[in-house]
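Mapping the sequence shown onto full-length UniProt numbering, position 4 (from 1) lands on 4, and the numbers just tick up by one. Notes follow the structure.
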Amino acid sequence: MPIIGLGACLQLGICAHKTPYCTENENSRCIVCKELFDFSLGLPYAHINVSRLICPYNGELIDESNVPMMLPNGQVYGENSIHELTRGDEIYDPHSDQHFALRDVKRVYIL
Ligand SMILES: [Zn+2]
């Protein structure tokens, strides 16, 4: 297994999070903007033209035929998983081991 230096690992991590919109801002929720902006200078940003969302329950692609749905605790699953995890009017969240009322599951819209 190749050994990668800590500096290279840090730079890779920064590149993965850095966007063209990053600026130094200690109130930001972005880790690059908040704490690592000086280290990010001169590094490229992640160039992702097409992002993909993958359902953490069944590994299926989340898209317009398997829309994202959010539980009250913020966990997001594809609609297919929501159907699998629903019993009656209750849904089970395997991530948190909690149950929620199905009426509290909301559709997520991503712009
Ligand atoms: Zn940022």
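The beta-carbon is built from N, C-alpha and C at its ideal position, and this holds for glycine as well.
- In this structure, the C-beta of S51 stays at least 7 Å away from each heavy atom of ligand 1.
- E84: member of the alpha helix (DSSP H) spanning 79–85, first to last residue.
- Distance from the C-beta of C30 to the nearest heavy atom of ligand 1 is below 7 Å.
- Between N58 and E79, the gap from beta carbon to beta carbon reaches 8 Å or more.
- Residues of the same chain with a CB within less than 8 Å of the CB of T23, apart from the 5 flanking positions on each side, are C33, F37 in chain order.
- Residue state for V76 is assigned as strand, using DSSP reduced to three classes.
- For I110, the three-state secondary structure derived from DSSP is coil.
- The beta carbon of C33 sits closer than 7 Å to at least one heavy atom of ligand 1.
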